[in-house]
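Letter by letter, the sequence shown follows residues 84 to 402 in the numbering used here. C-beta: ideal position from N, C-alpha, C; glycine also. None of the values given here were measured: they were computed from a predicted structure.
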Amino acid sequence: MKNILVTGGAGFIGSHLVDRLFAEGGWQITVVDDFNDFYSPEIKHANIAEHLKSPYYRLVDADIRDAATMAALFAEYKFDVIVHLAARAGVRPSLTEPILYTETNIIGTQNLLELAKAHGVEQFVFGSSSSVYGINAKVPFAEDDRIHQPISPYASTKAAGELLCHTYSHLYGMRIVCLRFFTVYGARQRPDLAIHKFSKLIADEKPIQMFGDGSARRDYTYIEDIIQGVRAAIDYDRTQYEIFNLGESQTIELRELISLLERSLDMHAIIDHQPMQPGDVPITFADISKSRELLGYNPTTKIADGIPKFIEWFIDSSK
Ligand SMILES: NC(=O)c1ccc[n+]([C@@H]2O[C@H](COP(=O)([O-])OP(=O)(O)OC[C@H]3O[C@@H](n4cnc5c(N)ncnc54)[C@H](O)[C@@H]3O)[C@@H](O)[C@H]2O)c1
Numbered sequence: 084m085k086n087i088l089v090t091g092g093a094g095f096i097g098s099h100l101v102d103r104l105f106a107e108g109g110w111q112i113t114v115v116d117d118f119n120d121f122y123s124p125e126i127k128h129a130n131i132a133e134h135l136k137s138p139y140y141r142l143v144d145a146d147i148r149d150a151a152t153m154a155a156l157f158a159e160y161k162f163d164v165i166v167h168l169a170a171r172a173g174v175r176p177s178l179t180e181p182i183l184y185t186e187t188n189i190i191g192t193q194n195l196l197e198l199a200k201a202h203g204v205e206q207f208v209f210g211s212s213s214s215v216y217g218i219n220a221k222v223p224f225a226e227d228d229r230i231h232q233p234i235s236p237y238a239s240t241k242a243a244g245e246l247l248c249h250t251y252s253h254l255y256g257m258r259i260v261c262l263r264f265f266t267v268y269g270a271r272q273r274p275d276l277a278i279h280k281f282s283k284l285i286a287d288e289k290p291i292q293m294f295g296d297g298s299a300r301r302d303y304t305y306i307e308d309i310i311q312g313v314r315a316a317i318d319y320d321r322t323q324y325e326i327f328n329l330g331e332s333q334t335i336e337l338r339e340l341i342s343l344l345e346r347s348l349d350m351h352a353i354i355d356h357q358p359m360q361p362g363d364v365p366i367t368f369a370d371i372s373k374s375r376e377l378l379g380y381n382p383t384t385k386i387a388d389g390i391p392k393f394i395e396w397f398i399d400s401s402k
């Protein structure tokens with residue numbers, strides 16, 4: 084049986100990863116999560132309700148910024164793998180609380196890297212973000228493009244996390260895989276993210292704020308595809324340090340996305356036009372040729388199929 088630590092394992096992506104590891108079997112899973120109120124902690128508790136029933140699951144309610152508590156955890160348990168997903172996520176809130184983002188996403192990440200180094204953890208997978216590409220003009224974004232143009236504190240902290248990962252891998256021979264997630268959606272999606280937020284507002288017949296003229300393009304990735312990529316990254320051993328894009332490699336304009344939601348909900352959106360927000364990038368678009376080749380990543384859910392699945396979950400969970 085392998086020991087895995089999933090930080091942020093009560094969150095959206097982390098709880099799906101835990102589902103996947105349970106389905107597979109052979110894993111002793113430890114989750115560290117601080118259940119902060121970035122969005123309702125009740126949602127996070129609901130995400131893990133089933134997990135808590137398993138004898139192969141251990142929940143540690145703790146903050147990754149707390150180095151002493153993290154050190155005590157590593158002194159008690161030996162982890163073979165760490166999948167580090169705990170973070171302050173979200174672009175716009177990072178403009179109002181930039182220090183909190185730095186402390187969580189940079190210091191928190193470094194605390195874990197230090198402990199992974201000290202305890203000889205075999206595999207470290209870091210949840211990074213497409214936002215590191217910032218306002219790069221060249222699309223699709225490829226992993227070896229320069230990432231010198233982030234435009235939000237969140238994006239900068241994720242880029243810094245990747246740099247720390249590279250440093251630790253280089254200095255201490257640690258195997259580290261950084262995954263750049265492109266906006267993830269599906270059951271249990273964070274309520275602050277557009278697809279979920281818009282669905283709720285449309286369903287409640289309330290106006291949705293559309294920032295910009297609706298032409299901003301995003302590469303939305305279905306949760307099952309992301310989990311397939313994360314799972315492959317856990318086994319990845321062809322190189323010591325690698326960065327992979329995990330997207331669908333297809334983009335959709337914001338206004339098309341709203342139409343898709345309207346069709347799936349069978350309701351009309353009331354649109355409140357607002358200027359483009361600071362920190363928001365005009366496009367995200369993943370080049371996934373490297374992930375396909377080296378990681379065996381193979382996303383299969385197109386947005387036109389994924390949105391109805393999301394809405395099915397949304398309607399069920401709102402009952
Ligand atoms: N969802 C996306 O579209 C997306 C896109 C790009 C990158 N990411 C990254 O993927 C990871 C997971 O994202 P998500 O959407 O599941 O977010 P999420 O907020 O649902 O999950 C993150 C979890 O980390 C926990 N956490 C936050 N700060 C912590 C701390 N200091 N100590 C312990 N736990 C803490 C939270 O309570 C939460 O449960 C994050 O690192 C995020 O930046 C997500």
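- Sixteen is the threshold: since fewer than 16 other Cβ atoms of the shown chains lie within 10 Å of the Cβ of E125, the residue is exposed.
- By the neighbour-count criterion, in which a residue is buried when 16 or more other Cβ atoms sit within 10 angstroms of its Cβ, P358 is exposed.
- A distance below 8 Å separates the beta carbons of V115 and A145.
- Not one heavy atom of ligand 1 sits closer than 7 Å to the Cβ of S401.
- Around the beta carbon of S137, fewer than 16 other beta carbons sit within 10 angstroms, so the residue counts as exposed.
- Assigned with DSSP and collapsed to three states, Q232 falls in coil, not helix or strand.
- Using a Cβ distance threshold of 8 Å, N188 and T240 count as a contacting pair.
- I353 counts as exposed, since fewer than 16 other beta carbons sit within 10 angstroms of its beta carbon.
- For H99, the enclosing alpha helix (DSSP H) has its first and last residue at 95 to 107.
- Taking 8 Å as the cut-off, the Cβ atoms of G217 and Q232 count as close.
- Relative to ligand 1, the nearest heavy atom lies less than 7 Å away from the CB of D117.
- Straight across, the Cα-Cα distance linking F368 with V143 is about 36 Å.
- Put simply, the segment 341 to 349 does not touch the segment 185 to 201. Fewer than three CB pairs are less than 8 Å apart.
- Of the heavy atoms belonging to ligand 1, none sits nearer than 7 Å to the Cβ of A352.
- Taken in chain order, the complete alpha helix (DSSP H) segments of 4 residues or longer contained in the segment 129 to 214 are 150 to 159, 176 to 179, 181 to 185, 191 to 201.
- Taking 7 Å as the cut-off, the C-beta of I182 does not count as close to any heavy atom of ligand 1.
- About 11 Å separates the Cβ atoms of R148 and I182, ruling out a contact at the 8 Å cut-off.
- The shortest CA-to-CA distance from K373 to any of N194, F224, G92 is the one to F224.
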